[in-house]
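*Asks:* Residue numbers (full-length UniProt numbering): 1 to 259.
One structure is given below, represented as structure tokens, and several questions about it will come after.
Written as structure tokens, this is what we have:
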């Protein structure tokens, strides 16, 4: 099931996206299904082409991201893959949606894209074991873990480099029925393929990540986990467009701008 957050010019709403590409329809819901369930609002359906998709979730408290979770990416970054999940945070103010601009921050000259599978948490999750982790998952979406590489090198930690405003595009919707074990991830820059990987190559699987993260801190409904990126990351300039495609979900496109 594809659950979108969208607007037709009024306040943001939630709906279920159904149909084939080019004729998809949104069935409006009464509220955020994370909190009120899948209750139809009774409003008439909306053609997807007549709506503007928004980030499908605004994390209630945090985005937990996993670094160097693909061996080929760890190698291209000049290091070894970590023995345990390497976690960092992105603030919820970093989130933007499909086709929203990513604003290159003043003071950084090396901005990089990173296409990733994102996991949306469904329930209050603390100390969960890997074998029960699936019970905590609401669904999956696509993320671009935009990174200021020069700040990443200079700061000694990643808060500014990974957390600046607009550095976490999410979308196009949350897919609630998906097996994430072996999904193709492709990232294109102005149409040229830069990343072409599969979630099967994750070093630490999703269940392991949820167990590891929830042992340290409570995950709340709507929190998002970024699961790492395959090799092929590179720099992006103002005016360029990045699209991340994940099989079974769809695609997430954003244009980068300088203001």
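In this text, a Cβ means the ideal position worked out from N, Cα and C, and glycines have one as well.
Among residues of its own chain, excluding the 5 on either side of residue 255, which ones have a beta-carbon nearer than 6 Å to its beta-carbon?
*Replies:* Taking the first residue of the chain shown as 1, we reach residue 255 at position 255. Closer than 6 Å at the Cβ level, and outside the excluded window around residue 255, lie 101, 241.
*Asks:* Buried or exposed, going by whether 16 or more other CB atoms sit within 10 Å of the CB of residue 124?
*Replies:* Here residue 124 corresponds to residue number 124 of the chain shown, with the count starting at 1. So residue 124 counts as exposed.
*Asks:* Measure from the alpha carbon of residue 165 to the alpha carbon of each residue in 22, 41, 144, then state which is nearest.
*Replies:* The count along the chain shown starts at 1 and reaches residue 165 at position 165. Looking at the Cα atoms, 144 is the closest of the given residues.
*Asks:* Can you give me the start and stop residues for the beta strand (DSSP E) that residue 245 sits inside?
*Replies:* Residue 245 sits at position 245 when you count from the first residue of the chain shown. Boundaries of the beta strand (DSSP E) around residue 245: 241 to 246.
*Asks:* Leaving out five residues on either side along the sequence, give the residues of the same chain with a beta carbon under 7 Å from the beta carbon of residue 43.
*Replies:* The residue labelled residue 43 in the question sits at position 43 within the chain shown. Hits under 7 Å: 28.
*Asks:* If I follow the unbroken alpha helix (DSSP H) through residue 76, where does it start and stop?
*Replies:* Here residue 76 corresponds to residue number 76 of the chain shown, with the count starting at 1. 71 to 76 is the extent of the alpha helix (DSSP H) around residue 76.
*Asks:* Considering only the alpha carbon of each residue, which of 252, 231, 236 lies closest to residue 67?
*Replies:* Mapped onto the chain shown, residue 67 falls at position 67. Cα-wise, what sits closest to residue 67 is 231.
*Asks:* Locate the alpha helix (DSSP H) running through residue 125, then write down its first and last residues.
*Replies:* Walking along the chain shown from the start, residue 125 turns up at place 125. Premise fails: residue 125 is in no alpha helix (DSSP H) and is neither H nor E.
*Asks:* Suppose contacts are defined by Cβ-Cβ distances below 9 Å. Is residue 64 in contact with residue 47 by that definition?
*Replies:* Within the chain shown, numbered from 1, the residue matching residue 64 stands at position 64. Within the chain shown, numbered from 1, the residue matching residue 47 stands at position 47. It is not a contact, given that the beta carbons lie outside the stated cut-off.
*Asks:* Does the distance from the CB of residue 34 to the CB of residue 142 come in under 9 Å?
*Replies:* The residue labelled residue 34 in the question sits at position 34 within the chain shown. The residue labelled residue 142 in the question sits at position 142 within the chain shown. For residue 34 and residue 142, no; Cβs fall outside 9 Å.
*Asks:* Per DSSP, which one or two residues make a beta bridge with residue 136?
*Replies:* Position 136 of the chain shown, counted from the first residue, corresponds to residue 136. None, per the DSSP bridge assignment.
*Asks:* Within a Cβ cutoff of 6 Å, which residues of the same chain sit near residue 176, ignoring the five residues on either side of it in sequence?
*Replies:* Reading the chain shown from its first residue, position 176 is the one you call residue 176. For residue 176, where only same-chain residues beyond five positions count, the Cβ hits under 6 Å are 1, 139.
*Asks:* Could you tell me the distance, in whole angstroms, from the CA atom of residue 153 to the CA atom of residue 88?
*Replies:* Residue mapping note: residue 153 aligns to position 153 of the chain shown, counting from 1. Residue mapping note: residue 88 aligns to position 88 of the chain shown, counting from 1. For residue 153 and residue 88, the distance between alpha carbons rounds to 15 Å.
*Asks:* Return the CA-CA distance between residue 22 and residue 50, expressed in angstroms with no decimal places.
*Replies:* Working through the chain shown from its first residue, we reach residue 22 at position 22. Working through the chain shown from its first residue, we reach residue 50 at position 50. For residue 22 and residue 50, the distance between alpha carbons rounds to 11 Å.
*Asks:* If we count the other Cβ atoms within 10 Å of its Cβ and call it buried at 16 or more, is residue 59 buried or exposed?
*Replies:* Taking the first residue of the chain shown as position 1, residue 59 is located at position 59. Per the 10 Å Cβ criterion, buried.
*Asks:* Going by Cα to Cα distance, which pick from 114, 69, 129 is closest to residue 216?
*Replies:* Sequence index remark: in the chain shown, residue 216 carries index 216 (1-based). With distances taken between Cα atoms, residue 216 lies closest to 129.
*Asks:* Do you know offhand how far residue 193's Cα is from residue 90's?
*Replies:* The residue you call residue 193 lines up with position 193 of the chain shown. The residue you call residue 90 lines up with position 90 of the chain shown. Those two C-alpha atoms are separated by around 26 Å.
*Asks:* In the DSSP assignment, the beta strand (DSSP E) including residue 41 goes from what residue to what residue?
*Replies:* The residue labelled residue 41 in the question sits at position 41 within the chain shown. Per DSSP, residue 41 belongs to no beta strand (DSSP E) and is neither H nor E.
*Asks:* Take residue 72 and list the residues in its own chain whose beta-carbon comes closer than 6 Å to its own, dropping the five residues that flank it on each side.
*Replies:* To locate residue 72, count along the chain shown from 1; it is residue 72. Residues 231 of the same chain have their beta carbon placed closer than 6 Å to that of residue 72, with the five preceding and five following residues left out of the count.
*Asks:* Between residue 32 and residue 157, what straight-line distance do the alpha-carbon atoms span, to the nearest angstrom?
*Replies:* Locating residue 32 in the chain shown gives position 32, counting from the first residue. Locating residue 157 in the chain shown gives position 157, counting from the first residue. Note on geometry: alpha-carbon atoms of residue 32 and residue 157 lie some 34 Å from one another.
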